Structures are given as C-alpha cells and as structure tokens.
Amino acid sequence: MRVTIKLFATFRDGRFKVEERDLPEGTCVLDLIQPLNIKPEEIAICLINGKDAKEHSVLKDGDTLALFPPVGGG
Amino acid sequence: MKLEGRYARNKKTLSDEDQLKLSNSCVAIVGCGGLGGYIAEELARIGVGRLVLIDGDRLEVSNLNRQIMSSELNIGQWKVEAARDRLQSINSEVQVEEIKGWFEEEKGPELFRGVDLVCDALDSLPTRVVLERVCHQMKLPLVFASIAGWFGQLGVSLPGDFSVLRLFGRGEQGVESTWGNPAFTPAVLASLSVAESVKLLIGRMPSLRHAWLQVDLQTMEFEQFEIQ
Numbered sequence: 001m002r003v004t005i006k007l008f009a010t011f012r013d014g015r016f017k018v019e020e021r022d023l024p025e026g027t028c029v030l031d032l033i034q035p036l037n038i039k040p041e042e043i044a045i046c047l048i049n050g051k052d053a054k055e056h057s058v059l060k061d062g063d064t065l066a067l068f069p070p071v072g073g074g
Numbered sequence: 075m076k077l078e079g080r081y082a083r084n085k086k087t088l089s090d091e092d093q094l095k096l097s098n099s100c101v102a103i104v105g106c107g108g109l110g111g112y113i114a115e116e117l118a119r120i121g122v123g124r125l126v127l128i129d130g131d132r133l134e135v136s137n138l139n140r141q142i143m144s145s146e147l148n149i150g151q152w153k154v155e156a157a158r159d160r161l162q163s164i165n166s167e168v169q170v171e172e173i174k175g176w177f178e179e180e181k182g183p184e185l186f187r188g189v190d191l192v193c194d195a196l197d198s199l200p201t202r203v204v205l206e207r208v209c210h211q212m213k214l215p216l217v218f219a220s221i222a223g224w225f226g227q228l229g230v231s232l233p234g235d236f237s238v239l240r241l242f243g244r245g246e247q248g249v250e251s252t253w254g255n256p257a258f259t260p261a262v263l264a265s266l267s268v269a270e271s272v273k274l275l276i277g278r279m280p281s282l283r284h285a286w287l288q289v290d291l292q293t294m295e296f297e298q299f300e301i302q
C-alpha cells in the first residue's frame, strides 16, 4: 500500500518534508516512525487524513500521515 | 497627551466604531517575553484601552535577541515594568496594569477581572492547558501562539473549545529547548495573534477557531489544520 508521510517543523531537519512510501498492509504509526528515528514521545500531534491518530493506529492505502513536534516557546 | 491623528492610519482597516470598541477593551497578556512583548506593543499601538501584563521574570541578557521590551539599559528590570515603560512612551492613553508573578489557576478570577480577551504568550505546555481551562470557566476568548526556532503555531479557543488541550496536552516542554527562539519568529506569531485578537475585540469572526495555523519560516509555508 502507498502512504504519504508529511513531517512538520523540526521533524523536517535531516529528514524530509513529504514522502510517499510503499508499506506492508497492517503497518501502524509506530512501525513507520521507528526507521525515521522519531520516538513516540517526541510527537505532539499525529494526524491521519487530518484526523487525530495514535501511535498504534493502522494505516490504509492512500492515507496521509502528518506528524508535528511540540512547539511551546513564548 | 492627546495626539490628534494617532489612529489616522488605522483607517479604513478599522472604522471609528471599531476604534472605539478597541479603546473600551481590555486584553490580558499572559507571558511578557518574546511573544508577549510584541503582542503588548501592537495592541497598545492599535489603541486597545487597557492591558494586563502578567510575567514573573526579570530581563536578562539572553532576552536581547528577540524581546522587544528589553534593551541594554533595562537588564535586571521586571519584564512587566520594562513593558509598561515602553508602552507608556508609545501610547500614554493606554492603561497598563503590571502583574509581577506567574499565572496560576486559582489567580484566574482576580487576574482576568474586567478582561475581554486573553493572549497566551506562555512558554510552558502544561500552563497553556491550565490557562485555556481558566479562560473557558470565565467565558473568555483565548488567542494562543507558540514558537520554536523557525516554527510557530497559532489558534483561537472560544469557551467550549479544547484547541490548546488538543495541541499542547502532551509533554512538558517543546523543541524550543533545543532550537531556541530567533528574533523574527516571535514577531511574526505575535502579529498574527494580534490580528486574530483585534477581530474578536471588534466583533468579527476569527479565522482560526477549531483550527491552528502551522507556520514554517524556513520554507515560508503557512498551513491551516482543523481541530475536530
């Protein structure tokens, strides 16, 4: 299945902004972030197709995953 | 000092009626650092009648890179006092109330008495969530903004919304602890906050309710996301 991954803010550093990946059926968010060297606790917001998702959410063909780190400074 | 024509260049962006609404409004700015300083500056310049500034910190050298209220002459001064001095020199018609202390849940009713809108310019994720809760209990609109490095987030939370909780509910600290905050990021996010604040104060619809704006100044991308 094809999944689009969109990274935001500092997650783009040394990685990418947007990429399409071929993944096996049943891949969850956690399986996908591990090779990207992103830990679950580093993620503030995780969206699949614009809706809230969790690290164990399973992706489907055509999904877009968006990951945001916490931005909390003032 | 009454300066005729002070608001001449606000027209026709703001009508006389809008200007009057602003002069009769009170905004509390929680956090008077990078974001809060610029927010206070712009709200004073545009003619908001009363500002409540809340911050328990004093100015230090590392603030000079971005905090508009800081200068080499006022290091060591309370941030809210430095802000008051600058705001008084910009617009003496604005009533400035300084609170030398940190925002806490139980202080909410006292701090926000007579306030029409709250701007979140804090630097702590958990306190942002508390601030939203207090604003909702007091039926106050909240404009929130946050920054880290080249990046920022901004939105509006009206009573009953939980935008801040959804965005900032996880974790203690953001990536600003490693990326810092350069001069331009607070200025941009503060200006966006003030634009949303002004809309709310003059009775227009804000653009970022049930949403947040993701700002990337490295790529110059501004993207809106829905909060369901």
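Protein chains in written order, with the working numbering: chain A, 1 to 74; chain B, 75 to 302.
We treat Cβ as the ideally placed atom computed from N, Cα and C, and that holds for glycine.
Please read all numbers here as calculations on a predicted model, not as lab measurements.
{"query": "Interface flag, W253 of chain B vs chain A, CB-CB below 8 angstroms", "result": "yes"}
{"query": "Contact with chain B by A9 of chain A, beta-carbon distance below 8 angstroms", "result": "yes"}
{"query": "When B:E167, B:R207, B:E116, B:Q151 are compared against S97 of chain B, the one with the closest alpha-carbon", "result": "B:E167"}
{"query": "Rounded straight-line distance, which links the Cα of A222 of chain B to that of A212 of chain B", "result": "According to the sequence displayed, residue 212 of chain B carries Met and not Ala. About 29 angstroms."}
{"query": "CB contact check: K51 of chain A to chain B, cutoff 8 angstroms", "result": "yes"}
{"query": "C-beta neighbour in chain A for F242 of chain B, strict 8 angstroms", "result": "yes"}
{"query": "Spatial neighbours of I113 of chain B in its chain, beta-carbon cut-off 7 angstroms, leaving aside the 5 residues before and after", "result": "I103, C193, A195, A264, S267, V268"}
{"query": "T87 of chain B versus B:R244, B:K273, B:L282, B:Q141, residue with shortest Cα-Cα distance", "result": "B:K273"}
{"query": "Inter-residue Cα distance where the pair is D92 of chain B and R119 of chain B", "result": "14 angstroms"}
{"query": "Within-8 angstroms CB hit, V249 of chain B to chain A", "result": "yes"}
{"query": "Those residues which DSSP pairs with E19 of chain A across a bridge", "result": "A:I5"}
{"query": "Segment contact flag, the segment 223-235 of chain B with the segment 276-287 of chain B, C-beta cutoff 8 angstroms, min 3 pairs", "result": "yes"}
{"query": "E171 of chain B - containing beta strand (DSSP E), residue span", "result": "169-173"}
{"query": "8 angstroms Cβ cut-off: residues of chain B touching G62 of chain A", "result": "Going along chain B, no residue has its Cβ under 8 angstroms from G62 of chain A, so there is no contact; the nearest lies around 19 angstroms."}
{"query": "Of the residues A:T10, A:E55, A:V3, A:D13, the one placed nearest P24 of chain A, counting alpha carbons only", "result": "A:V3"}
{"query": "Contact set between I221 of chain B and chain A, taken where Cβ atoms lie within less than 8 angstroms", "result": "V71, G73, G74"}
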